[in-house]
Each structure stands twice: as C-alpha cells, then as structure tokens.
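Trainee: The numbering of the sequence shown is numbering that gives the first Met the number 0, which starts it at 0 and goes up by one.
Note that the Cβ used here is the ideal one computed from N, Cα and C, for glycine as well.
My questions all concern the structure below.
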Amino acid sequence: MLFFRPRRSGSDSHRRTSPPRRYRTAALAAAALALTFLQATTGSASAGPSAAAPKAAADVVRVAEFLAECPYTHRAPDDPIVFPGLPGASHMHSFFGNDSTNGRSDLASLEKARTTCSPDIDLSSYWVPTLYDGNKEVEPTGTTFYYLGEGVRDDVIRQIRPFPRGLRIVAGNAKATGPNDNTISRWSCLHHGEVNPSHDFVNCPAGAMLESYLDFPQCWNGKDLDSPDHKSHMSYPVNGGCPSTHPVPVPKLRQVLRYPVNGDPSRFRLASGPGYTMHGDFFNVWPENELAQRVRDCINAIIKCGADGTP
C-alpha cells in the first residue's frame, strides 16, 4: 500500500530541497564505504577453487623425502654390479624398475630400456636376493624406494647432492654368518608393531605381510662410481655428518619391500641364505635434471614430495 505525503507550499518546499553541504558530504562518504564493503563481500563469496590461497607453509610436511614405486619385473641369476659381464654367475635375484637388467647391463643399455617405476622417468635398476617360501619363489607386492635426507643434521641435508650418473651401491651383507654380522637389513610385519623387528625373518600373524627394510649409505667419496668391493666408495654418516674420507652427502636410499607371506619364519629363506643375508643393489639411471630437481625441491628444502617430485 502506498501513502502520499500532503503537498507542501512552495516556500516550504524550497527550504527543504537543498540540504546543507556538510550533510551531503557525509552521505556520499557513507555510500562509498557501503559500496566498497559490498564489492569485497561479493568477491569473496563468488571466488571459486581457482581463487584459493596458495598452500600455507604450515601445511607442508617438513620431511626431506621423495620416492619411486618400482614393481617387480623379472628374476635371473645375474648381478651386473658384483659379476658384470657374467650372466648366470650369481644367486637368484629379483629385479625392480628397469626391465632390461641382466648380467651384461651397463649404463648405456639401461638408459635405452623401459621401467616399471612411477615416475617412469626413473630408469634405475634395483635388485635383491629372491625370497623362497619352501621351494616356491615369492615376489613382493609392495616395492617402494624412498630417497631421504634423514640420518644427517639439517645443515648437511641442505648440502645433499644428486647421485652421479651411473653410481652403483650395494647395501647389506650377502655373506653374513649371523644376525649381528655387519648387517643393517631388518624384517618386520606390516601394520603389526607388536612384532619386534629383527635382522632375521619374523613370525607375522595371519593376514599380515612380511616387510623388508634396507638403508643404503649416503656419503660418497666424490670420485668413484664403484669400488672393488662395491662398498668402499660409499660410507654411512658419522655423528650426523659425512666423514672426511667420503665428504659428499647424497640421498639416503631406503628400500621397503612387502611380501604376501606370514607365519612360521622357518619356512623362509633367501637365495643368499638366512634372512640376515638380505642385501640390495642400486644402479642409478635417473635423468640428471629430474634427480637434481627432486634433491633441490624436496630434500634440500626439507619437504615431503611424492613420486612426481612435488609436495
């Protein structure tokens, strides 16, 4: 319903048509403030996902890490690091990543091959002695290779350099005669922390999986891609840093394998012997620029990255 005000006389109307200047100025300022508030509110409410703020620094996981998932490829009694050019000279190995690895493999042949790794730019070759349940070969269904900065001080982490192209590393002791015989491998049960880890096989409950962990050395002598014993060119850290004999810090490679077996550990053996003979071989075939980017953005920066090399 509309209401009409009575019409005023001309003189009265003339007195009211022009409010004082100070009132007009105040009204204009109030209108401008209201418009600014409305625009800010509308812009905020209509902003979609593309207008979201960058990931906050607090959301970044401060762990120096990137990884590669490299499923099983094949088995062969070969070892191109320990027995180069001698196919069939080794105990049985299970290979991961590069699908061409054999007794005659070298950097040139590996660079021309394909890989099972994610990311598929990682043409590196990884291998371990084959696991047997009785006389049946068992291959891992989980094959993760972590590249880490842990094990050294933060100031050393920031100095870590990429592996040199063609670097070869062997970790563990294939000739160990007991659980404490210079071996660093360990066995555990996936999601069953109540079972204590051991250098030898452990008894995992029904439904669990047997896990193998192996850490590679992360200090390099700065000159040799291999050595006669395949270990002397590398060293483990000492007191949070690299020793003077091996002054170049490189990523720590951690090999984590999950086998679909459990129960009585007396059923299990490796091609090299008991569980404490677990060892691993790594032949670096990462593209230099890709590895350098991951070391810089993930390890040096102390940020947890995925297989694609980003947080």
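So, for Ile120: in the same chain, excluding its five sequence neighbours on each side, which residues have a beta-carbon less than 6 Å away from its beta-carbon?
Mentor: Start at 1 with the first residue of the sequence shown, and residue 120 comes out as number 121. Contacts found: Pro286, Glu289.
Trainee: Reducing DSSP to helix, strand and coil, say where Glu287 ends up.
Mentor: Taking the first residue of the sequence shown as 1, we reach residue 287 at position 288. In the structure shown, Glu287 sits in a helix (DSSP, three-state: H, G or I).
Trainee: Near Val260, which residues of its chain fall below 6 Å by C-beta distance, leaving aside the five closest residues on each side in sequence?
Mentor: What you label residue 260 is simply residue 261 of the sequence shown in a count that begins at 1. Excluding sequence neighbours, Val260 sits near Asp132, Val137, Leu209.
Trainee: In chain order, what are the residue ranges of uninterrupted alpha helix (DSSP H) at least 4 long that sit wholly in the stretch 91-148?
Mentor: Those alpha helix (DSSP H) runs which fall completely within the stretch 91-148 and span 4+ residues are 106-110.
Trainee: Distance check for Gln158 and Gly47, CA to CA, integer angstroms please.
Mentor: Counted from its first residue, the sequence shown places residue 47 at position 48. Counted from its first residue, the sequence shown places residue 158 at position 159. Any reading at Gly47 needs caution, since the residue's pLDDT is 39, under 50, leaving its predicted position unreliable; the model's value is listed next. About 40 Å.
Trainee: Could you check if Gly87 is buried or exposed, using at least 16 other CB atoms within 10 Å of its CB as the buried criterion?
Mentor: Walking along the sequence shown from the start, residue 87 turns up at place 88. By the 10 Å Cβ count, Gly87 comes out exposed.
Trainee: Got a sec: does the ligand NAP put a non-hydrogen atom nearer than 8 Å to the Cβ of Leu130?
Mentor: The ligand content of the structure shown is nil, which means the ligand NAP is not present either.
Trainee: If distances are taken between C-alpha atoms only, which option among Arg268, Thr309, Cys297, Gly305 comes closest to Met323?
Mentor: As displayed, the chain neither begins before 0 nor continues past 310, which places residue 323 out of reach and without an answer.
Trainee: Could you check the C-alpha separation between Asn220 and Gly171 for me, to the nearest Å?
Mentor: Position 221 of the sequence shown, counted from the first residue, corresponds to residue 220. Position 172 of the sequence shown, counted from the first residue, corresponds to residue 171. Roughly 19 Å separates the two Cα atoms.
Trainee: Buried or exposed, going by whether 16 or more other CB atoms sit within 10 Å of the CB of Pro79?
Mentor: Within the sequence shown, the letter at position 80 stands for residue 79. Classification of Pro79: buried, given that the 10 Å Cβ count is 16 or more.
Trainee: Kindly list the residues whose CB is nearer than 7 Å to the CB of Pro236, restricted to its own chain and excluding five residues on each side of it in sequence; keep chain order.
Mentor: Working through the sequence shown from its first residue, we reach residue 236 at position 237. Only Gly150, Val151, Gln217, Cys218 meet the Cβ criterion.
Trainee: So what does DSSP say about Val247, is it helix, strand or coil?
Mentor: Working through the sequence shown from its first residue, we reach residue 247 at position 248. It is a strand residue.
Trainee: Taking Asp154 as part of the alpha helix (DSSP H), name the residues at either end of that continuous run.
Mentor: On the sequence shown, position 155 is the one that residue 154 refers to. 153-156 is the extent of the alpha helix (DSSP H) around Asp154.
Trainee: May I ask you to report which of helix, strand or coil DSSP gives Tyr71?
Mentor: In the sequence shown, counting from the first residue as 1, residue 71 sits at position 72. Note: Tyr71 maps to strand in three-state DSSP.
Trainee: Report the three-state DSSP secondary structure of Gly274 (helix, strand or coil).
Mentor: The residue labelled residue 274 in the question sits at position 275 within the sequence shown. Gly274 falls in the helix class under three-state DSSP.
Trainee: Give the straight-line distance between the Cα atoms of Tyr320 and Gly262, rounded to the nearest whole angstrom.
Mentor: Residue numbering for the chain in the displayed model covers 0 to 310; residue 320 lies beyond these limits and cannot be assessed.
Trainee: Taking 7 Å as the limit between beta carbons, can you name the residues of its chain near Ser89, skipping five residues before and five after?
Mentor: Position 90 of the sequence shown, counted from the first residue, corresponds to residue 89. Same-chain partners within the cutoff: Pro76, Asp77, Asp78, Val81, Phe82.
Trainee: How should Pro227 be labelled, buried or exposed, when 16 other C-beta atoms within 10 angstroms of its C-beta is the threshold for buried?
Mentor: Walking along the sequence shown from the start, residue 227 turns up at place 228. Its Cβ having fewer than 16 others within 10 Å, Pro227 is exposed.
Trainee: Within 10 angstroms of the Cβ of Gly279, are there 16 or more other Cβ atoms? Answer buried if so, exposed if not.
Mentor: For the purposes of this step, residue 279 is taken as the residue at position 280 of the sequence shown. Answer is buried; the Cβ neighbour count reaches 16.
Trainee: Would Gly305 and Leu122 qualify as a contact pair, given that the criterion is a beta-carbon distance under 9 Å?
Mentor: The residue given as residue 305 occupies position 306 in the sequence shown. The residue given as residue 122 occupies position 123 in the sequence shown. Cβ distance not < 9 Å, so Gly305 and Leu122 don't count as in contact.
Trainee: To the nearest angstrom, how far is it from the Cα of Asp105 to the Cα of Trp126?
Mentor: Counted from its first residue, the sequence shown places residue 105 at position 106. Counted from its first residue, the sequence shown places residue 126 at position 127. Looking at the two C-alpha atoms, the distance is approximately 15 Å.
Trainee: Could you name the residues of the same chain whose beta carbon sits closer than 6 Å to that of Arg14, not counting the 5 residues immediately before and after it, in chain order?
Mentor: Mapped onto the sequence shown, residue 14 falls at position 15. Because the pLDDT at Arg14 is just 36, under 50, the model does not fix this residue reliably, and the value given afterwards should be weighed accordingly. Here the set comprises nothing.
Trainee: When the Cα atoms are used, what is the spatial distance from Arg185 to Gly272?
Mentor: In the sequence shown, residue 185 corresponds to position 186, counting from 1. In the sequence shown, residue 272 corresponds to position 273, counting from 1. So the alpha carbons of these two residues sit roughly 15 Å apart.
Trainee: How about Asn97 and Phe282: do their beta carbons lie closer than 9 Å?
Mentor: The sequence position of residue 97 within the sequence shown is 98, counting from 1. The sequence position of residue 282 within the sequence shown is 283, counting from 1. It is a contact, given that the beta carbons lie within the stated cut-off.
Trainee: Leaving out the 5 sequence neighbours to the left and right, which residues in its chain are closer than 8 Å to Arg317 when beta-carbon positions are compared?
Mentor: Any answer about residue 317 is impossible in this case: the structure gives the chain only from 0 up to 310.
Trainee: Does the beta-carbon distance from Pro128 to Met277 come in below 9 Å?
Mentor: Taking the sequence shown and counting its residues from 1, one reaches residue 128 at position 129. Taking the sequence shown and counting its residues from 1, one reaches residue 277 at position 278. Yes. Within cutoff.
Trainee: For Val311, count neighbouring C-beta atoms within 10 Å of its own C-beta (all shown protein chains included) and say buried if the count is 16 or more, exposed if not.
Mentor: In this structure the chain extends from 0 to 310, so residue 311 is not present and cannot be described.
Trainee: Whole angstroms are fine: how far does the CA of Ser265 sit from the CA of Asn202?
Mentor: Position 203 of the sequence shown, counting from 1, holds the residue named residue 202. Position 266 of the sequence shown, counting from 1, holds the residue named residue 265. Asn202 and Ser265: Cα-Cα distance of roughly 9 Å.
Trainee: Cutting at 8 Å between CB atoms, please list the residues of its own chain near Asn101, excluding the five before and the five after it.
Mentor: The sequence position of residue 101 within the sequence shown is 102, counting from 1. For Asn101, where only same-chain residues beyond five positions count, the Cβ hits under 8 Å are Ala75, Asp77, Pro79, Pro86.
Trainee: Between which residues of its own chain and His321 is the CB-CB distance below 8 Å, once the five residues before and five after are set aside?
Mentor: Outside the shown range of the chain, which is 0 to 310, sits residue 321, and nothing can be said about it.
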